Amino acid sequence: MGTLLARVAVVALAAAAAAVVVDGQMSPAFYDATCPALQSVVRRGMAQAVQKEARMGASILRLFFHDCFVNGCDASVLLDDTANFTGEKNAGPNANSLRGYEVIDAIKAQVEASCKATVSCADIVALAARDAVSLLGGPSWTVQLGRRDGRSASQNAANTNLPPPDARLADLLTRFSDKGLDARALTALSGAHTVGWARCTTFRTHIYNDTGNAAVDAAFATQIRAKACPSAGGDGNLAPLELRAPAAFDNGYFQDLVARRVLLRSDQELYGSGVGDGSTDALVRAYAANATLFAVDFAAAMVRMGNLALTGKNGEVRLNCRRVN
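For reference, each letter of the sequence shown is one residue, going -24 to -1, 1 to 301 in mature numbering (1 follows the signal peptide of the UniProt record, and there is no 0).
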């Protein structure tokens, strides 16, 4: 019943958003005349990728976040290094971790076959992230379209802008505020960690050393240490960000936060950190109790984050997502 209510609520949200034009530049109908099959092509490509490997849904969602949070949603994260710049793929938060590039490449090739030099890589990533969430059982939303692709990338900007896995709440609030996103958006978007996996090196300190307000449930810590993360070695070992259903987009992540059963210190900071005005604590409890509320707020936050974009005559429409034209 909760899932049905979430879908009904988000369909209403999407319908309300359908008429919105962002800054006179972006619109859900941006490609209706020039590439009418776009959304079905992206959906089909994502359905194939998720059917092959459910984890890929979470990977594409993360790819979108890691793109938008650097210099806006400009597909700069997809660019390979060149003689002129060192790209974002090997930045600290991305190296040996971010994945799904080949999925976007495959979808881009299909789009180019239908509508050559028309659709930006940035818009493909935005649509793919939406479809990834819905394919994993989460909400859907209307994606504003009309983004342009950046002509450069910056490893330094990625290292500076992306929150580290041990970030404290004050730092998280500041980083999101710098992007025009408030505590509600921070908490809702963090719910993306209801799907996906993390490497031992990103959570070892949390499950072994954190105490006080950041302490981990003892039984959970023991389980993760034994199965996925020894005190030394095994840095690349994977553990699910949500143990119960890591391939199902639901509100289980927030229930785990309340129970102190999460892998990342930056996640636990949202609940019980003792910092700030307690707004994130209240939101975590609300989302843990109400899957529909989380679904609606997550969809709205994804639209807001997705509007951080190059538009108009800025940037370009890349023919190959890995390099500038």
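No residue lacks a Cβ here, since even glycine has one placed at the ideal position from N, Cα and C. Values in this document were obtained by computation on a predicted structure and should not be read as measured data.
- Between the alpha carbons of Leu157 and Ile200 lies a gap of roughly 32 Å.
- By the Cβ criterion, the region 247 to 264 is not in contact with the region 93 to 104, since fewer than three pairs of Cβ atoms, one from each stretch, lie closer than 8 Å.
- Following the DSSP letters along the chain, one finds Arg106 in no beta strand (DSSP E) but inside the alpha helix (DSSP H) bounded by residues Cys97 to Leu111.
- Cβ neighbours of Lys203 within its own chain (closer than 8 Å, five residues either side excluded): Ala215.
- Looking at Val300, Gly282 and Leu165, the one whose alpha-carbon comes closest to that of Cys44 is Gly282.
- Pairwise C-beta distances place the region 54 to 68 in contact with the region 121 to 138, as three or more of them are shorter than 8 Å.
- In the displayed model, Glu292 falls within a strand according to three-state DSSP.
- Under the three-state reduction of DSSP, Asp81 is assigned to helix.
- Cβ contact annotation for Pro141 (same chain, cutoff 6 Å, sequence separation greater than five): Thr178, Leu240 and Ser242, in chain order.
- Of all C-beta pairs linking the region 40 to 60 to the region 170 to 189, fewer than three are shorter than 8 Å, placing the two stretches out of contact.
- The beta-carbon distance between Asp125 and Ala51, rounded to whole angstroms, is 5 Å. This is short enough to meet the 8 Å contact definition.
- The region 177 to 225 contains, as complete beta strand (DSSP E) runs of 3+ residues, the segments 214 to 216 (chain order).
- Between Ala267 and Asp226, the beta carbon gap of about 6 Å places them in contact (Cβ cut-off 8 Å).
- Remark: C-beta atoms of Cys11 and Cys97 do not approach each other more closely than 8 Å.
- Excluding the 5 residues flanking it on each side, Val192 has same chain C-beta neighbours closer than 7 Å at His182, Ile183, Asp186 and Arg236, in chain order.
- Distance from the Cα of Ser207 is smallest, within the candidate group Arg180, Phe270 and Asn189, for Arg180.
- Non-local C-beta neighbours of Leu286 in its own chain, meaning closer than 7 Å and more than five positions away in sequence, comprise Gly48, Asp50, Arg123, Arg124 and Gly126, ordered along the chain.
- If you draw a 10 Å sphere on the C-beta of Thr163, you find 16 or more other C-beta atoms in it, and that means buried.
- Proximity to Trp117 across Ala277, Asn137 and Gly250 peaks at Ala277, based on C-alpha coordinates.
- Within a 10 Å sphere around the beta-carbon of Lys289 sit fewer than 16 other beta-carbons, which makes this residue exposed.
- Ranked by how close their Cα comes to the Cα of Gly212, the residues Ala194, Thr198 and Arg175 have Arg175 in first place.
- Counting along the chain, Ala174 sits inside the beta strand (DSSP E) bounded by residues Trp173 to Arg175.
- As the crow flies, the alpha-carbon of Ala59 is around 24 Å from that of Lys84.
- Minimum Cα-Cα distance from Arg20 among the listed residues Asp154, Ser3, Phe270 and Arg106 corresponds to Arg106.
- Classified as buried, Asn70 has 16 or more neighbouring CB atoms from the shown chains inside 10 Å of its CB.
- Rounded to whole angstroms, Gly250 and Gly188 show a C-alpha spacing of 10 Å.
- The straight-line gap separating the alpha-carbon atoms of Leu112 and Ala30 is approximately 8 Å.
- In chain order, Val17 and Gly21 place their CB closer than 7 Å to the CB of Gln86, counting only its own chain and leaving out the 5 sequence neighbours on each side.
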